[in-house]
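Student: One structure, as structure tokens, below. Some questions next.
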Amino acid sequence: MKQKDTVLHETNCGVQCTEKLRMSVGGLVLFGLVTEVVLPVWTVQEAGVASQVACASRCSQHDACGGFQWNSSSCFLVVVASVPGAVNGAMTNAFRLNSYRTNYHLYEFPPPPGGIDPANALATCRNNSMDLVPYPVTLKDRASLSIRQTRRLFVDMIRASDGSYVTLSSGVPVPNTAIYGWMPGSPDGGIGRCIGMGGPDLLFFDFNCSYTTTNAGVICVYSTLQ
Numbered sequence: 001m002k003q004k005d006t007v008l009h010e011t012n013c014g015v016q017c018t019e020k021l022r023m024s025v026g027g028l029v030l031f032g033l034v035t036e037v038v039l040p041v042w043t044v045q046e047a048g049v050a051s052q053v054a055c056a057s058r059c060s061q062h063d064a065c066g067g068f069q070w071n072s073s074s075c076f077l078v079v080v081a082s083v084p085g086a087v088n089g090a091m092t093n094a095f096r097l098n099s100y101r102t103n104y105h106l107y108e109f110p111p112p113p114g115g116i117d118p119a120n121a122l123a124t125c126r127n128n129s130m131d132l133v134p135y136p137v138t139l140k141d142r143a144s145l146s147i148r149q150t151r152r153l154f155v156d157m158i159r160a161s162d163g164s165y166v167t168l169s170s171g172v173p174v175p176n177t178a179i180y181g182w183m184p185g186s187p188d189g190g191i192g193r194c195i196g197m198g199g200p201d202l203l204f205f206d207f208n209c210s211y212t213t214t215n216a217g218v219i220c221v222y223s224t225l226q
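Mapping of the sequence shown onto UniProt numbering: position 8 corresponds to residue 8, and the numbering continues sequentially without gaps.
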């Protein structure tokens, strides 16, 4: 018997409410409702979508969709700027695809009032049995990280003394090809060793590792593989 599309709500979920959207094909896709999105995002409007669940299904099937907004009767998929027909505009609330790099889920903590540095961002994740978000590897990953509550975020990456890149958490080598674009002013001659990402196009920037800012948030990941 074919199961009907349903939406299951979880209440009292703190910073980031999560809605489970069960598709008629039997799979389970998790989206988190992110409120107070601070930066414009790139979207494409999908025609012929009759419900919020159907909009979520379109997003999960799209190679470059990292989230969506269902606005009464319109479905907008959050994508990257390179997707044909993408339009940049403000979106204060959106459902973000929790799945990240295949086997991770995303969790965003609110930025602390006094600001935060990379070491404390890493510690925040670890203290909650999670890891600091790694660099995105797909267009979906990049689009999902564009839906966030802060202008910038720290990623698990640092520049080594020889100019190569490794993870901040464990020193594992990171391919140079992981950095697909720099924000204006970066890289700063190799002076800044820690790496973050920012702006609506989610470009990389480097900075001093002791740098504390109120413009960067803490996005963590936890493994979905047990």
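Backbone N, C-alpha and C define an ideal beta-carbon position, used for all residues, glycine too.
Reducing DSSP to helix, strand and coil, say where N71 ends up.
Tutor: In the structure shown, N71 sits in a strand (DSSP, three-state: E or B).
Student: If you measure from the beta carbon of I158 to each beta carbon in chain B, is any gap under 9 Å?
Tutor: Protein chain content of the structure displayed is limited to a single chain, and chain B is not contained in it.
Student: Alpha carbon to alpha carbon, how far is V174 from T167? Give it in angstroms, no decimals.
Tutor: Approximately 7 Å, taken between the alpha carbons.
Student: Starting from the Cα of C65, find the closest Cα among D131, H105 and V78 and give me that residue.
Tutor: Ranking D131, H105 and V78 by Cα distance to C65 puts V78 first.
Student: Taking the C-alpha atoms as reference points, what is the distance between D117 and A50?
Tutor: Rounded to whole angstroms, D117 to A50 spans 44 Å at the Cα level.
Student: Are there 16 or more other CB atoms within 10 angstroms of the CB of T11, so buried, or fewer, so exposed?
Tutor: Reliability of the predicted coordinates at T11 is poor, the pLDDT of 27 falling under 50, and no value is obtained from them.
Student: My parser needs the beta strand (DSSP E) runs of 3 or more residues fully inside the stretch 125-195; what are they?
Tutor: Qualifying beta strand (DSSP E) stretches, in chain order: 152-159.
Student: Looking at the structure shown, is C220 part of a helix, part of a strand, or coil, going by DSSP?
Tutor: Strand, per DSSP.
Student: Using the Cβ count rule (16 or more neighbours within 10 Å means buried), how would you classify A216?
Tutor: Counting Cβ neighbours within 10 Å, A216 comes out buried, since at least 16 surround it.
Student: Which class does N88 belong to by DSSP, given the choice of helix, strand or coil?
Tutor: Here N88 sits in strand by DSSP.
Student: Give me the Cα-Cα distance between G192 and T213, rounded to the nearest whole angstrom.
Tutor: Roughly 15 Å between the two C-alpha positions.
Student: Rounded to whole angstroms, what is the Cα-Cα separation between S24 and D162?
Tutor: Any reading at S24 needs caution, since the residue's pLDDT is 33, under 50, leaving its predicted position unreliable; the model's value is listed next. If you take the alpha carbons of S24 and D162, they lie about 52 Å apart.
Student: Leaving out five residues on either side along the sequence, give the residues of the same chain with a beta carbon under 6 Å from the beta carbon of G89.
Tutor: Same-chain partners within the cutoff: P40.
Student: Please name the residue in S57, P136 and R148 whose C-alpha comes closest to that of N176.
Tutor: The shortest C-alpha separation from N176 is found at P136.
Student: Leaving out five residues on either side along the sequence, give the residues of the same chain with a beta carbon under 8 Å from the beta carbon of V83.
Tutor: Excluding residues within five positions, the ones whose Cβ falls inside 8 Å are W42, V44, A64 and L139.
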